[in-house]
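Asks: As they're listed, the protein sequences go chains A and B. Using this note's numbering, the first residue of the first sequence is number 1126, and each one after it goes up by one. Using this note's numbering, the first residue of the second sequence is number 1126, and each one after it goes up by one. Quick reminder that beta carbons are idealized off the backbone N, C-alpha and C, glycines included. Just so we're clear, the structure is a prediction, and the values are computed from it rather than from any experiment. Have a look at this one before I ask anything.
Protein chains: 2
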Amino acid sequence: MESFRGRFTNKIDAKGRVSLPAKFRSVAIAQGLSGVVCFPSFQGAFIEGSGPRFAENIDRMLQRLDPFSPERDMLASVLIGDSAELMFDSDGRIILPEELRAHAGITDEATFVGLGEKFQIWEPKAFEAFRAEALEKARAYGDLLKSTATLPPVGGAQ
Amino acid sequence: MESFRGRFTNKIDAKGRVSLPAKFRSVAIAQGLSGVVCFPSFQGAFIEGSGPRFAENIDRMLQRLDPFSPERDMLASVLIGDSAELMFDSDGRIILPEELRAHAGITDEATFVGLGEKFQIWEPKAFEAFRAEALEKARAYGDLLKSTATLPPVGGAQ
DNA sequence: CGTTTTCCCATGTTATCCCATGATGTCCCG
DNA sequence: CGGGACATCATGGGATAACATGGGAAAACG
C-alpha cells in the first residue's frame, strides 16, 4: 500500500507506547524507514505525521533557501525542530513525546487518520468533534465545490 | 538518521560539559566525525552547529566570494575564525567554549534545535521567545515554500 | 605544582527488546 | 458451506540496554 488510509484508534499503555496501525506501518516501511515523522500541527490541536518521503521533501524545500536566512531558520525550527522521528519497536509501536501529546491533548488513546501521503493523530473525542463540525460545514461549503470545479486546482488536499 | 531533527534541552555540569543529544551524535558520526563544528551566529544570540559535511559546504561558499573583499574576510572571521571543532568525550559530551556560551547567554542549560543539515544551540528561555515568534511568522513564510515547491503544501492542509 | 582537561565509573531514568496473551481475521480443506 | 488450523495484530509485562548526568582519578598543560 502506498498511502495512509483509514481511521484507527489505539490505546496508549503505561509506558507511553501506542501501536502504529499496521497498515500505516507498511506504508512507512515501503518508503524505506521503520518509523514515522511527526510534528505538531499549527492549524489545530492535533499531530501531523508522515513517512520519510514527505519529510524529506520538506527538508529539500528548506534547503533551497539561503542557509543562514532568518526565514529559513524560522521555518526550519518550526518544521524540523518541533518534529520527531519516531522509530517503531519490534512490535510496531511508537512513543509519542510529551510535547506532542500535550499539543493534541492526548492521554490514553490516540486516533490515527489517514490522509493519503500523510496522516493525523488526534485525541479521540477531539477528533469526533472536529469531524462533526467538518460534516456540518461541508453542507455550507458544498456550493464552493461546484463553483471551483471549472477553476485550476489549488494546493490543498489530495 | 541523516539530518538533525528535534529539540532537546540538556544540562551543563560544573565542568562545562553538556551531552550532545544522542540523535545528533549519530548524525555527526555518520558524516565521519566524532564531534561537531560550532560557531557564533551572526543573526542573533545563539550558536550554530553542524556536522563536518555542512562545515565543508560553508568553506566552499566562502571560496566563491572575492578573496580580498571585506565581506569575505568578515564572514570568514566569524564562520571559520570563531568556529570550534568540538569532539565528544567517551560519553558523548562536548564542552562549549566560553566565547560561544557568552555569545548565546548560556549558563547552566542548553537547547539543541535540529534544522536539517545544521542545528542551533540556544539559551532555553531565549529559544522559547524565538520560537513563539517563529511560529507566528511560519504561516506567512509558508508561501516561500509553496512557491518553490513542486510539492504539496507543508503546513497541513486540513 | 596547580589548573584544566580527559578518561573511567556510578546512578537513576527512560527507552528498547523479547516474550506472552487474547482477539480478530484469513485461508485451506473436508 | 462450515469449521478449524494458522497468521496478523493490538496490548501487556519483565528484563535489558541506552542515555543524561554526576563525580573521582589520572593525564596533559602551562
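Determine, for Gly1206/A, whether the minimum Cβ-Cβ distance to residues of chain B falls below 7 Å.
Replies: Chain B contact via Cβ: present.
Asks: In angstroms with no decimal places, state the Cα-to-Cα distance between Glu1258/B and Arg1132/B.
Replies: So the two alpha carbons sit approximately 17 Å from each other.
Asks: Do we get a CB-CB distance below 7 Å when we pair Glu1210/A with the residues of chain B?
Replies: Glu1210/A counts as touching chain B.
Asks: If you draw a straight line from the alpha carbon of Gly1174/B to that of Cys1163/A, how long is it in whole angstroms?
Replies: Answer to the nearest angstrom: the Cα atoms are 23 Å apart.
Asks: May I ask you to list the residues that DSSP assigns as paired with Lys1136/B?
Replies: According to DSSP, which records beta bridges pairwise, Lys1136/B is partnered with Glu1234/B.
Asks: Only counting runs of 4 or more residues, tell me where the alpha helix (DSSP H) segments fall wholly within the stretch 1127-1205 of chain B, in order along the chain.
Replies: Whole alpha helix (DSSP H) segments, 4+ residues: 1147-1155, 1177-1188 and 1195-1201.
Asks: How would you label Lys1250/A, buried or exposed, when you count the other beta carbons within 10 angstroms and need 16 or more for buried?
Replies: Exposed, since its Cβ has fewer than 16 Cβ neighbours within 10 Å.
Asks: With three or more beta-carbon pairs closer than 8 Å as the criterion, would you say the stretch 1140-1154 of chain B touches the stretch 1216-1231 of chain A?
Replies: They do not touch, by the three-pair rule.
Asks: Tell me, please, whether the CB atom of Leu1200/B is closer than 7 Å to any CB atom in chain A?
Replies: Cβ-Cβ to chain A under 7 Å: no for Leu1200/B.
Asks: Of all the CB atoms in chain A, is at least one closer than 7 Å to the CB of Leu1240/B?
Replies: So, interface residue.
Asks: Helix, strand or coil, according to DSSP, for Glu1210/B in the structure here?
Replies: Correct three-state label for Glu1210/B: strand.
Asks: So, at 6 Å on beta carbons, what are the nonlocal neighbours of Phe1179/B in its own chain, with the 5 sequence-adjacent residues on each side left out?
Replies: Cβ neighbours of Phe1179/B beyond the five flanking positions: Glu1242 and Lys1243.
Asks: Check each candidate in Asp1233/A, Asp1207/A and Glu1253/A and name the one with the smallest Cα separation from Glu1253/B.
Replies: Ranking the options by Cα distance to Glu1253/B, first place goes to Asp1207/A.
Asks: Using C-beta distances below 8 Å, list every residue in its chain close to Ala1139/A, excluding the 5 sequence neighbours before and after it, in chain order.
Replies: Closer than 8 Å at the Cβ level, and outside the excluded window around Ala1139/A, lies no residue.
Asks: Please name the residue in Leu1269/A, Ala1265/A, Ile1246/A and Leu1190/A whose C-alpha comes closest to that of Thr1134/A.
Replies: Comparing Cα positions, the closest option is Ile1246/A.
Asks: So what's Gly1267/A in DSSP terms, helix, strand or just coil?
Replies: Gly1267/A falls in the helix class under three-state DSSP.
Asks: Using the Cα positions of Arg1256/A and Ala1229/A, report the straight-line distance between them to the nearest angstrom.
Replies: Arg1256/A and Ala1229/A: Cα-Cα distance of roughly 15 Å.
Asks: The alpha helix (DSSP H) with Glu1223/B in it runs from where to where?
Replies: Segment Glu1223 to Ala1229, the alpha helix (DSSP H) holding Glu1223/B.
Asks: Mind checking Pro1192/B: buried by the 16 CB within 10 Å criterion, or exposed?
Replies: It counts as exposed.
Asks: Report the option in Gly1217/A, Gln1188/A and Gly1176/A whose CA atom is closest to the CA atom of Ser1128/A.
Replies: Residue Gly1176/A is the option with its Cα nearest to Ser1128/A.
Asks: Suppose you measure from the CA of Phe1166/B to the CA of Asn1182/A; what does that come to, to the nearest Å?
Replies: Residue 1166/B is actually Ser in this sequence, not Phe. Each residue's alpha carbon lies about 26 Å from the other.
Asks: Assuming contact is defined by CB atoms lying nearer than 7 Å, are Ile1137/B and Asp1198/B in contact in what I supplied?
Replies: Contact: no.
Asks: CB-CB under 8 Å to Leu1204/A, same chain, minus the five flanking residues each way: which ones, in chain order?
Replies: The answer, listed in chain order, is Phe1164, Ile1183 and Leu1187.
Asks: So which residues on chain B does Val1203/A lean against when the C-beta distance must stay under 8 Å?
Replies: Ordered by position in chain B, the residues that pass the 8 Å Cβ test against Val1203/A are Arg1256, Ala1259, Leu1260 and Ala1263.
Asks: Cutting at 8 Å between CB atoms, please list the residues of its own chain near Ala1227/A, excluding the five before and the five after it.
Replies: Once the five neighbours on either side are set aside, Ala1227/A has no close Cβ partner at all.
Asks: Shortest alpha-carbon distance to Gly1169/A belongs to which of Glu1248/A, Arg1264/A and Arg1142/A?
Replies: When each option's Cα is compared against that of Gly1169/A, the closest is Glu1248/A.
Asks: Run through DSSP, which three-state label would Arg1256/A get?
Replies: The answer is helix: DSSP assigns Arg1256/A an H, G or I state.
Asks: Quick one: which chain B residues come within Cβ less than 7 Å of Leu1187/A?
Replies: Those within 7 Å of Leu1187/A in chain B are Gly1241.
Asks: Got a sec? Which residues, its chain only, sit under 8 Å from Ser1159/A by beta carbon, not counting five neighbours each side?
Replies: Correct list, in chain order: Ala1153, Met1212 and Phe1213.
Asks: Can you tell me whether Gly1141/B is buried or exposed? The criterion is at least 16 other CB atoms within 10 Å of its CB, across all chains shown.
Replies: It counts as exposed.
Asks: List the residues of chain B that Asp1184/A touches, going by C-beta distances under 7 Å, in chain order.
Replies: Near Asp1184/A (Cβ distances below 7 Å), the residues of chain B are Ser1128 and Gly1241.
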